[in-house]
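Inspection log for the structure reproduced underneath, given as structure tokens.
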Amino acid sequence: MKVLVIGGGGREHAICWKLSQSRSVDKIYCCPGNAGIAQIAECINVNQNDFKALLDFVKYEWIDLTIVGPEDPLSRGIVDLFEREGRKILGPTKAAARLESSKVFCKDLLRSHGIPSAEYKVFTSYLHAEEHVRLKGTPIVIKADGLAAGKGVFVASTVEEAYDALRIIMKEKAFGAAGERVIVEECLQGEEASYMAFTDGRTIVPMVSSQDHKRIFDGDKGLNTGGMGAYSPAPVITPEIEKIVMEKILEPTLKALRSEGIVYKGILYAGLMIHEGRPSVLEYNCRLGDPETQPVLSRLKTDFMEIAMAIAEERLSDIRIEWKPDPAVCVVVSSEGYPGKYRKGDVITGIEEADKLDSVQVFHSGTAFSDNKIVTAGGRVLGVTATGPDIASARAGAYNAIQRIYFEGMHFRKDIADRALKSRVLS
Ligand code: AMP
Ligand code: GLY
27 MKVLVIGGGG REHAICWKLS QSRSVDKIYC CPGNAGIAQI AECINVNQND
77 FKALLDFVKY EWIDLTIVGP EDPLSRGIVD LFEREGRKIL GPTKAAARLE
127 SSKVFCKDLL RSHGIPSAEY KVFTSYLHAE EHVRLKGTPI VIKADGLAAG
177 KGVFVASTVE EAYDALRIIM KEKAFGAAGE RVIVEECLQG EEASYMAFTD
227 GRTIVPMVSS QDHKRIFDGD KGLNTGGMGA YSPAPVITPE IEKIVMEKIL
277 EPTLKALRSE GIVYKGILYA GLMIHEGRPS VLEYNCRLGD PETQPVLSRL
327 KTDFMEIAMA IAEERLSDIR IEWKPDPAVC VVVSSEGYPG KYRKGDVITG
377 IEEADKLDSV QVFHSGTAFS DNKIVTAGGR VLGVTATGPD IASARAGAYN
427 AIQRIYFEGM HFRKDIADRA LKSRVLS
């Protein structure tokens, strides 16, 4: 079979890598891909936002399945178009993707169906929002309603910080229409975890748990990023919590959507806050997480193509999904300056050497070819991923592999998975 993957980050490299191990996949195309993906797939030069051109390509090449990595094409209806044209595609429709593309839609749905999440209020007027912040005090969370590439959430510890966030979103309109409505939300305490599941709208099958590291510096300091590293499993998600998440959060969410006439197919990703054994939803994403996918798919035993086809054909209950017990750790290496303005075009050395190490996989994010050399081309550059018999050895494997890699200005956190090690010692 032939498959097209949309996207060009570490998540998409992990997807292509997993597909390349499938017995039923003969050819992988990726749009736009990156220098790592180019070694296992044919990268195509079609505008990722031109759905009509992608559809023409799929028809011309007789592609059996399209897998969508990022949220943007999903929120703009790529699945609706492909399904109308009778093409198989993995991902939710535009209406279902609103779970991620409108935080107001998501919060209203959760509240009206009694699914645990933080208290909140929605505002379109700056003055009313400011007054509410004054009333509630801090800490408090301010969120732009729409997609803002992970930058539209502000956790404010002072009233001034909260006013600043409101000003940036509502007055300066930093996120354009995505900031027309603002959520002012209770700040939850606890430990965060990512919980992703496969669903065909009827059956829902959880993946192994994971935890992201959102801030740029060690000790969760500095600005928020797309994610600086992840590991799986996340010890905070105990079997008891997993049961609560499935029964009180994921299944009721699918049911709530169905009651509004929306069938959700694809990947459902819950960003959770766990406090004293109780999970609450921080947000939903309508796709695989990046970098969580790198460690999570590293642990997948079942053929990914088989799962993707079963979702697209709505027969997920027919297959058994198995995972490897070994934990996995992914450490992201980023360019100097990221998440602000960052360097580009630096030659990267040592990737092959790192990749050759046992149980190590180097996933590319922002990389490109220049004069036959691999160079940096994005903020997040590589996701160095290792598996091992326990978290400590997986972590050691990833950091050992990073030692072989070099590019000017490279940055990575030194404390990825430390929390998992600590909670293991405590338990
Ligand atoms: P989101 O994009 O909604 O996941 O928000 C990004 C990050 O902001 C989350 O990963 C949390 O670290 C933080 N966050 C969001 N909502 C809350 C909340 N209600 N309480 C505390 N932290 C939050
Ligand atoms: N790693 C967080 C996300 O993919 O949204």
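Residues 27 to 453 in the working numbering are what the sequence shown spells out, letter by letter.
Every residue gets a Cβ at the ideal spot worked out from N, C-alpha and C, and that includes glycine.
Every value quoted in this text rests on a predicted model; they were computed, and no experiment measured them.
Assumed close pair residue i, residue j - CB separation to whole angstroms, cut-off 8 Å
i: ALA296; j: VAL271; result: 7 Å
i: TYR257; j: ALA380; result: TYR257 to ALA380, Cβ: 18 Å. No contact.
i: GLY303; j: ILE275; result: 14 Å between Cβ atoms; not a contact.
i: LEU298; j: ALA219; result: 5 Å
i: ASP244; j: ARG207; result: Incorrect: roughly 35 Å between the Cβ atoms, too far for contact.
Contact check, residue i vs residue j, beta carbons under 8 Å
i: ALA67; j: ALA394; result: no
i: LEU100; j: GLY112; result: no
i: ILE195; j: PHE201; result: yes
i: PRO96; j: GLY36; result: no
i: ILE141; j: VAL262; result: no
i: VAL51; j: VAL29; result: yes
i: CYS56; j: GLN74; result: no
i: GLU312; j: LEU161; result: Correcting the residue identity first, residue 312 is Cys in this sequence and not Glu. The answer is no: Cβ separation not under 8 Å.
i: GLU38; j: ILE63; result: yes
i: ALA412; j: VAL355; result: yes
i: ASP155; j: GLU212; result: A small fix is needed here, since residue 155 is Ala in this sequence, not Asp. It is not a contact, given that the beta carbons lie outside the stated cut-off.
i: LYS291; j: ASP226; result: yes
i: PHE389; j: GLY409; result: yes
i: LEU342; j: ALA336; result: yes
i: ILE41; j: VAL231; result: no
i: MET254; j: ILE242; result: yes
i: THR402; j: LYS367; result: no
Inter-residue Cα distance where the pair is residue i and residue j
i: VAL289; j: ALA282; result: 10 Å
i: GLN237; j: PRO415; result: 18 Å
i: TYR364; j: LYS247; result: 14 Å
i: ALA203; j: LEU173; result: 9 Å
i: GLN47; j: MET331; result: 9 Å
i: PHE438; j: ARG284; result: 42 Å
i: LEU107; j: ALA122; result: 14 Å
i: PHE441; j: VAL357; result: Checking the sequence, you will find Asp at residue 441 rather than Phe. Looking at the two C-alpha atoms, the distance is approximately 9 Å.
i: VAL105; j: ILE293; result: 13 Å
i: LEU6; j: LYS133; result: Residue 6 cannot be examined here, being either before or after the span of the chain that is shown, 27 to 453.
Closer than 7 Å: residue i CB and nearest the ligand GLY heavy atom
i: GLU218; result: no
i: GLY405; result: no
i: ASN250; result: no
i: ASN311; result: yes
i: GLU38; result: no
i: PRO317; result: yes
Distance cut-off 7 Å: residue i Cβ against heavy atoms of the ligand AMP
i: ALA422; result: no
i: CYS132; result: no
i: GLU126; result: no
i: LEU214; result: yes
Below-8 Å beta-carbon distance, residue i vs any chain B residue
i: MET254; result: Annotation note: the requested chain B is absent from the structure, which comprises a single protein chain.
Cβ-based neighbour list, residue i, same chain, cut-off 7 Å, excluding 5 preceding and 5 following
i: ALA188; result: VAL159, THR164, ILE166, ILE168, ALA182
i: GLY252; result: GLY176, ASP316, ARG406
i: ALA79; result: VAL72, ASN73
Cβ neighbours of residue i in the same chain (closer than 6 Å, five flanking residues each side left out)
i: LYS350; result: ARG325, LYS327
i: LYS53; result: LYS28
i: LEU452; result: With a pLDDT of 45 at LEU452, under the threshold of 50, the modelled position of this residue cannot be trusted; read the value that follows with caution. Within the same chain, LEU452 has no close Cβ partners at all.
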